[in-house]
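A.B. asks: Please see the structure below; I have some questions.
Number of protein chains: 2
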Amino acid sequence: MVLYKYPGALKENGLPISNSLFFQLQKDILQGKLRAGSKLTEQRICEQYEVSRTPVREALRQLEMDGLIENIPNRGAFVIGFTERDIDDMYELRKAYEMQAVRWAIERITDEEMEELEETFEFMEFYTMKKDIEKMLNINIGFHQLIYKASGNRMLRHMLSSYQIYLKNYRLHRIYEDSYLDTVLEEHRMIFEAFKARDTEGAAKAMEKHMNSAIARRMQEKEL
Amino acid sequence: MVLYKYPGALKENGLPISNSLFFQLQKDILQGKLRAGSKLTEQRICEQYEVSRTPVREALRQLEMDGLIENIPNRGAFVIGFTERDIDDMYELRKAYEMQAVRWAIERITDEEMEELEETFEFMEFYTMKKDIEKMLNINIGFHQLIYKASGNRMLRHMLSSYQIYLKNYRLHRIYEDSYLDTVLEEHRMIFEAFKARDTEGAAKAMEKHMNSAIARRMQEKEL
DNA sequence: AGAAATATAATTGTATACAAATATACAATT
DNA sequence: AATTGTATATTTGTATACAATTATATTTCT
Chain Y
1 MVLYKYPGAL KENGLPISNS LFFQLQKDIL QGKLRAGSKL TEQRICEQYE
51 VSRTPVREAL RQLEMDGLIE NIPNRGAFVI GFTERDIDDM YELRKAYEMQ
101 AVRWAIERIT DEEMEELEET FEFMEFYTMK KDIEKMLNIN IGFHQLIYKA
151 SGNRMLRHML SSYQIYLKNY RLHRIYEDSY LDTVLEEHRM IFEAFKARDT
201 EGAAKAMEKH MNSAIARRMQ EKEL
Chain F
1001 MVLYKYPGAL KENGLPISNS LFFQLQKDIL QGKLRAGSKL TEQRICEQYE
1051 VSRTPVREAL RQLEMDGLIE NIPNRGAFVI GFTERDIDDM YELRKAYEMQ
1101 AVRWAIERIT DEEMEELEET FEFMEFYTMK KDIEKMLNIN IGFHQLIYKA
1151 SGNRMLRHML SSYQIYLKNY RLHRIYEDSY LDTVLEEHRM IFEAFKARDT
1201 EGAAKAMEKH MNSAIARRMQ EKEL
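As you go down the protein sequences, you meet chains Y and F in turn.
The first sequence begins at 1 in my numbering and counts up one residue at a time.
The second sequence begins at 1001 in my numbering and counts up one residue at a time.
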């Protein structure tokens, strides 16, 4: 029987409060619940999430390093806004790193990881056929994450994961039509085939195409 | 007259302790004073720097986001080591972003920034002639920082600055001979000329060459 | 009224106390 | 000797109290 636990709703997932707070605030900022330029008062966050200032401050430090807030000593934390151009830029930056990830991954992937990748791709084929968009969203992310992992570079992996989190929250309309699913599958197929053939530059090119396709889709969305 | 101040040697530069601690620990890790895999006990850091746990924990959060330590909940913080390959990789990753920075900078640079860049380059010419290596080290950094700023992307700027900090600490022997100074000047000249001509791809190519030159230099150092 | 000076409140920075989890030491058992 | 269980110590997580700074309100003076 539990005699005492720290209060608050955040203490449910096993993680320390400060970690949960970081994820929660990150979400709040990316989803626009906390507007750009607005000040994050520690006290207000404490009250909102019913926790003390210690974990709040730690979460703020993380957000600062993540580039989501600006911390001015003795003044406070302010939400940093992303302009449309910032988002455009992010797609370009991501592209460069996804291409590099694929290059390294092909050179460094283990047999086990290769099997995982193959399996994941087969799942993609299956759920594309099934037109299961929800499943596809997750498998999609998983496919890329596998490549990050196989790249064997912790930094790269971390940064690309961040881009995924960021950009996921900035997608505008989520046009996921069947035709889109098919296109993405073929783009991934090109990448996967290059992996099997150990064709480094072919894979990089295929990834570039895949990324350009995402950029083009964003442009379309912006026009709507 | 000061009646009371928080104790400790870190409280001299005006920044909060937590910030100073972050920089200090970052340096300690990058310079190898804290070995890879070793555990950072909060208490030990408190004693070493004569501060309380609060700022220490905040600094640790920042180091975690910076990728220098791994924080395992309820277990502690462990120094992450960089392998030689990690460093090699970092040069490649930096190259990709330096090239992108230069592209955007040319498209977005303001007249004022352009003047600053010109001035900086002229200083470089002067101190190269003077063979003043110390000065050159700083101006070198300044030249690149100006480009980051002109790129107009906060994220990119922050990441490239991090690479500079990281890689600076991993240079092995610091071979700065006169011949090297001259080479670097010419590489920078190519970049600067491309800026004046608003030659985006030319500048990217020049930057690529500059980065490849740095990579080659590292290879040389490794062989010694 | 407007500006400067001062007092007050609000907010951030730091230290410390306590809660909870983990690590360690040691005995009991097999 | 190895393993399990338990008590103890250490360490991390969180809350709170106080110091220092900044923001706001008030007063004072011209």
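For glycine and all other residues, C-beta sits at the position ideal for the given N, C-alpha and C.
Computed from a prediction, not measured in an experiment: that's the story for all the values here.
#1: Is the stretch 1063–1082 of chain F touching the stretch 1180–1191 of chain F, taking contact as three or more C-beta pairs under 8 Å?
#2: Just to confirm, is the Cβ distance from residue 1040 of chain F to residue 1060 of chain F under 8 Å?
#3: Whose C-alpha, out of Y/114, Y/139, Y/116, is nearest the C-alpha of residue 126 of chain Y?
#4: How big is the Cα-Cα spacing for residue 1147 of chain F and residue 1090 of chain F?
#5: Could you list which residues in chain Y have their beta carbon closer than 8 Å to that of residue 1067 of chain F, in chain order?
#6: How many whole angstroms separate the CB atoms of residue 152 of chain Y and residue 108 of chain Y, which I take to be in contact at a CB cut-off of 8 Å?
#7: Any beta-carbon of chain F closer than 8 Å to the one on residue 189 of chain Y?
#8: Are any of the Cβ atoms in chain Y nearer than 8 Å to that of residue 1146 of chain F?
#9: DSSP puts residue 1039 of chain F in a beta bridge; with which residues?
#10: For my contact list, residue 1225 of chain F and residue 1094 of chain F are in at a C-beta cut-off of 8 Å; report their separation, rounded to the angstrom.
#11: Assign residue 50 of chain Y to one of three DSSP states: helix, strand, or coil.
#12: At 7 Å on the CB atoms, spell out the chain Y contacts of residue 1061 of chain F, in chain order.
#13: If you check the beta carbons only, do residue 164 of chain Y and residue 191 of chain Y fall under 8 Å apart?
#14: Could you check whether the Cβ of residue 1100 of chain F sits closer than 8 Å to any Cβ belonging to chain Y?
#15: Check distances from the C-beta atoms of the stretch 1085–1097 of chain F to those of chain Y and list, in chain order, the residues that come in under 9 Å.
#16: Are the C-beta atoms of residue 40 of chain Y and some chain F residue less than 8 Å apart?
#17: Going by alpha carbons, who is nearest to residue 167 of chain Y out of Y/55, Y/149, Y/86?
#18: Cα-Cα, which of Y/128, Y/136, Y/215, Y/76 is closest to residue 43 of chain Y?
#19: Are the beta-carbon atoms of residue 207 of chain Y and residue 99 of chain Y separated by less than 8 Å?
#20: Can you find at least 3 beta carbon pairs, one from the stretch 1017–1031 of chain F and one from the stretch 23–32 of chain Y, that sit closer than 8 Å?
#21: Go ahead and pull the three-state DSSP assignment for residue 1071 of chain F.
#22: Does residue 197 of chain Y pass the burial test, meaning 16 or more other C-beta atoms within 10 Å, or should it be called exposed?
#23: Give me the Cα-Cα distance between residue 1205 of chain F and residue 1194 of chain F, rounded to the nearest whole angstrom.
#24: Here's a check: name, in chain order, each residue in its chain whose Cβ is nearer than 7 Å to the Cβ of residue 1097 of chain F, leaving out the five neighbours to either side.
#25: Quick one: is residue 18 of chain Y buried, meaning 16 or more other Cβ sit within 10 Å of its Cβ, or exposed?
#26: Identify, in the order they occur along the chain, each residue of the same chain with its Cβ nearer than 7 Å to the Cβ of residue 53 of chain Y, setting aside the five sequence neighbours on each side.
#27: What are the start and end residues of the alpha helix (DSSP H) that includes residue 28 of chain Y?
#28: Is the CB of residue 4 of chain Y under 8 Å away from at least one CB in chain F?
#29: Quick one: what does DSSP say residue 6 of chain Y is sitting in, helix, strand or coil?
#30: When the Cα atoms are used, what is the spatial distance from residue 71 of chain Y to residue 1069 of chain F?
#31: If we ignore side chains and look at the alpha-carbon of each, how far apart do residue 184 of chain Y and residue 1211 of chain F end up?
#32: Just to make sure I have the definition right: I need the residues of chain F whose C-beta is within less than 9 Å of the C-beta of residue 13 of chain Y. Which are they?
#33: Using the Cα positions of residue 120 of chain Y and residue 1088 of chain F, report the straight-line distance between them to the nearest angstrom.
#34: Based on Cα-Cα distance, which residue from F/1221, F/1222, F/1201 lies nearest to residue 1101 of chain F?
#35: Less than 8 Å between the C-beta atoms of residue 1015 of chain F and residue 73 of chain Y, yes or no?
#36: When you compare only the Cα positions, how much space is there between residue 1223 of chain F and residue 128 of chain Y?
C.D. replies: By the coordinates alone:
#1: no
#2: yes
#3: Y/139
#4: 19 Å
#5: 154, 155, 158
#6: 4 Å
#7: no
#8: no
#9: F/1078
#10: A query on residue 1225 of chain F cannot be resolved here, the shown segment of chain F reaching from 1001 to 1224 and no further.
#11: coil
#12: 58, 61, 62
#13: no
#14: yes
#15: 1085, 1086, 1089, 1090, 1092, 1093, 1096, 1097
#16: no
#17: Y/86
#18: Y/76
#19: yes
#20: no
#21: strand
#22: exposed
#23: 10 Å
#24: 1156, 1159, 1160
#25: buried
#26: 42, 46
#27: 17–30
#28: Residue confidence for residue 4 of chain Y is low, a pLDDT of 42 falling below 50, so the modelled location carries little weight; the figure read from the coordinates is stated next. So, not an interface residue.
#29: With a pLDDT of only 48 at residue 6 of chain Y, under the threshold of 50, the placement of this residue in the model should not be trusted; the figure read from the coordinates follows. Three-state DSSP puts residue 6 of chain Y in coil, outside helix and strand.
#30: 21 Å
#31: 34 Å
#32: Ordered by position in chain F, no residue passes the 9 Å Cβ test against residue 13 of chain Y, which lies about 11 Å from the chain.
#33: 30 Å
#34: F/1201
#35: yes
#36: 51 Å
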